[in-house]
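Undergrad: In the numbering used here, the protein residues as written are 4 to 268.
Backbone N, C-alpha and C define an ideal beta-carbon position, used for all residues, glycine too.
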Ligand SMILES: Nc1ncnc2c1ncn2[C@@H]1O[C@H](COP(=O)(O)OP(=O)(O)OP(=O)(O)O)[C@@H](O)[C@H]1O
Ligand SMILES: [Mg+2]
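Below is the structure:
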């Protein structure tokens with residue numbers, strides 16, 4: 004029987020007295036865009052941090068294509084095929100956009116330090132291929148004209164796209180996006196939605212999207228996993244979730260707190 008691409012089983016993680024993720028189980032089949040949604044503090048980012056080995060689970064298992072990720076280090080999870088973006092953007096601010104995207108490609112290079120130091124022909128060839136690949140990834144995100152700009156000088160929305168490009172340069176099977184539309188206006192968000200759908204198809208990657216912009220989530224997700232207080236509240240197709248009374252009561256239907264952040268409908 005085929006494995007799901009990702010299987011999270013009874014996953015828990017506590018920080019002191021706080022149970023950030025509480026016996027959470029869900030499966031992601033290859034090929035779609037799954038929205039991971041829920042109120043602030045529900046544990047969504049912690050799930051990404053557990054999948055990518057930033058944190059170790061207190062208990063439970065995470066299987067990628069049937070293989071246990073337990074005990075792996077973050078770079079080993081990347082090699083296994085998982086890449087991510089961060090809720091708080093983490094780019095190499097002083098490098099150009101092209102260099103940001105080339106970094107993970109070059110890091111995969113097979114050359115030793117000696118060859119790199121003397122820039123042998125095969126090193127130069129590899130650099131040229133990395134540059135071409137990085138440029139085509141920037142192009143796929145619609146930001147190839149930023150290639151030679153310093154990353155930190157980009158407007159916020161473009162930095163978020165650059166982060167996605169850099170994650171794609173890791174050649175992932177599973178791409179985790181943590182609030183890629185944060186801080187975007189409606190037009191930027193709609194354009195980002197089109198980009199994410201295009202990326203899913205062109206890069207043949209499965210996506211998990213954490214997002215509070217419900218319009219974006221409902222527009223592009225094929226499946227939803229809803230968390231509340233670390234646990235699974237509901238799972239299913241966007242239309243069913245939108246009408247699920249528990250989800251409406253816990254999240255979708257809640258009036259926005261005055262001055263509070265997030266859940267943009
Ligand atoms: N490193 C940590 N140390 C202590 N507590 C943490 C840590 N990381 C997360 N938490 C706590 O775990 C809970 C879940 O946090 P998490 O960031 O996963 O929520 P979230 O669903 O991503 O929220 P948001 O939508 O606001 O980003 C929160 O109570 C948070 O304060
Ligand atoms: Mg978060």
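As an exercise, report each continuous beta strand (DSSP E) stretch of at least 3 residues that is fully enclosed by the segment 145-230, in chain order.
TA: Correct list: 177-181 and 209-213.
Undergrad: Give the straight-line distance between the Cα atoms of residue 56 and residue 77, rounded to the nearest whole angstrom.
TA: If you number the chain shown from 1, residue 56 lands on position 53. If you number the chain shown from 1, residue 77 lands on position 74. Answer to the nearest angstrom: the Cα atoms are 5 Å apart.
Undergrad: Tell me which same chain residues have a C-beta within less than 8 Å of the C-beta of residue 40, skipping the five on either side of it?
TA: Translated into positions along the chain shown, residue 40 becomes position 37. Only 47, 213, 214, 215, 217, 220, 227, 228, 229, 230 and 254 meet the Cβ criterion.
Undergrad: So, at 8 Å on beta carbons, what are the nonlocal neighbours of residue 94 in its own chain, with the 5 sequence-adjacent residues on each side left out?
TA: The count along the chain shown starts at 1 and reaches residue 94 at position 91. Result list for residue 94: 103, 154, 155, 162, 165, 166 and 169, in chain order.
Undergrad: Residues in its own chain within less than 7 Å of residue 261 by CB, not counting five upstream and five downstream?
TA: The residue you call residue 261 lines up with position 258 of the chain shown. Unreliable positioning characterises residue 261 in this predicted model, as indicated by a pLDDT of 44, which lies under 50. The coordinate reading is nonetheless provided below. Contacts found: none.
Undergrad: Quickly, what does DSSP pair residue 21 with across the bridge? List them, please.
TA: Start at 1 with the first residue of the chain shown, and residue 21 comes out as number 18. DSSP output for residue 21 lists 18 as bridge partner(s).
Undergrad: Would residue 183 and residue 88 be called neighbours here (beta carbons separated by less than 8 Å)?
TA: Counting from 1 along the chain shown, the entry for residue 183 is found at position 180. Counting from 1 along the chain shown, the entry for residue 88 is found at position 85. Yes, the pair counts as a contact, with Cβ atoms nearer than the cut-off.
Undergrad: May I ask whether a heavy atom of ligand 2 can be found less than 7 Å away from the beta carbon of residue 48?
TA: Position 45 of the chain shown holds residue 48. Yes - ligand 2 has a heavy atom lying nearer than 7 Å to the Cβ of residue 48.
Undergrad: Distance, Cα to Cα, residue 180 vs residue 223?
TA: Residue 180 sits at position 177 when you count from the first residue of the chain shown. Residue 223 sits at position 220 when you count from the first residue of the chain shown. Those two C-alpha atoms are separated by around 13 Å.
Undergrad: Find out if the Cβ-Cβ distance for the pair residue 274, residue 50 is shorter than 8 Å.
TA: Since the first residue shown for the chain is 4 and the last is 268, residue 274 is missing from the structure and cannot be characterised.
Undergrad: Identify, in the order they occur along the chain, each residue of the same chain with its Cβ nearer than 8 Å to the Cβ of residue 152, setting aside the five sequence neighbours on each side.
TA: Start at 1 with the first residue of the chain shown, and residue 152 comes out as number 149. 99 and 100.
Undergrad: When you measure from the CB of residue 213 to every non-hydrogen atom of ligand 2, does any distance come out below 7 Å?
TA: As a position in the chain shown, residue 213 is number 210, starting the count at 1. Flag set: Cβ of residue 213 near ligand 2.
Undergrad: Starting from residue 39, trace the beta strand (DSSP E) in both directions and tell me its first and last residue.
TA: By 1-based counting over the chain shown, the position of residue 39 is 36. 36-40 is the extent of the beta strand (DSSP E) around residue 39.
Undergrad: Using C-beta distances below 7 Å, list every residue in its chain close to residue 31, excluding the 5 sequence neighbours before and after it, in chain order.
TA: One-based indexing of the chain shown puts residue 31 at position 28. 7, 8, 9, 37, 209 and 211.
Undergrad: When the distance is taken between beta carbons, is residue 12 closer than 8 Å to residue 63?
TA: Here residue 63 refers to the residue found at position 60 of the chain shown. Here residue 12 refers to the residue found at position 9 of the chain shown. Yes, Cβ-Cβ distance for residue 63 and residue 12 is below 8 Å.
Undergrad: Would you kindly check if the distance between the Cβ of residue 205 and the Cβ of residue 133 is under 8 Å?
TA: As a working note, residue 133 is residue 130 in the chain shown. As a working note, residue 205 is residue 202 in the chain shown. Cβ distance not < 8 Å, so residue 133 and residue 205 don't count as in contact.
Undergrad: Which same chain residues end up closer than 8 Å to residue 27 when comparing Cβ atoms and leaving out the 5 residues on each side of it in sequence?
TA: Here residue 27 refers to the residue found at position 24 when the chain shown is read from its first residue. Correct list, in chain order: 11, 13, 14, 15, 46, 50, 63, 230, 233, 234 and 235.
Undergrad: When you measure from the CB of residue 89 to every non-hydrogen atom of ligand 1, does any distance come out below 7 Å?
TA: Within the chain shown, residue 89 is the residue found at index 86, counting from 1. Not so, every heavy atom of ligand 1 lies at least 7 Å from the Cβ.
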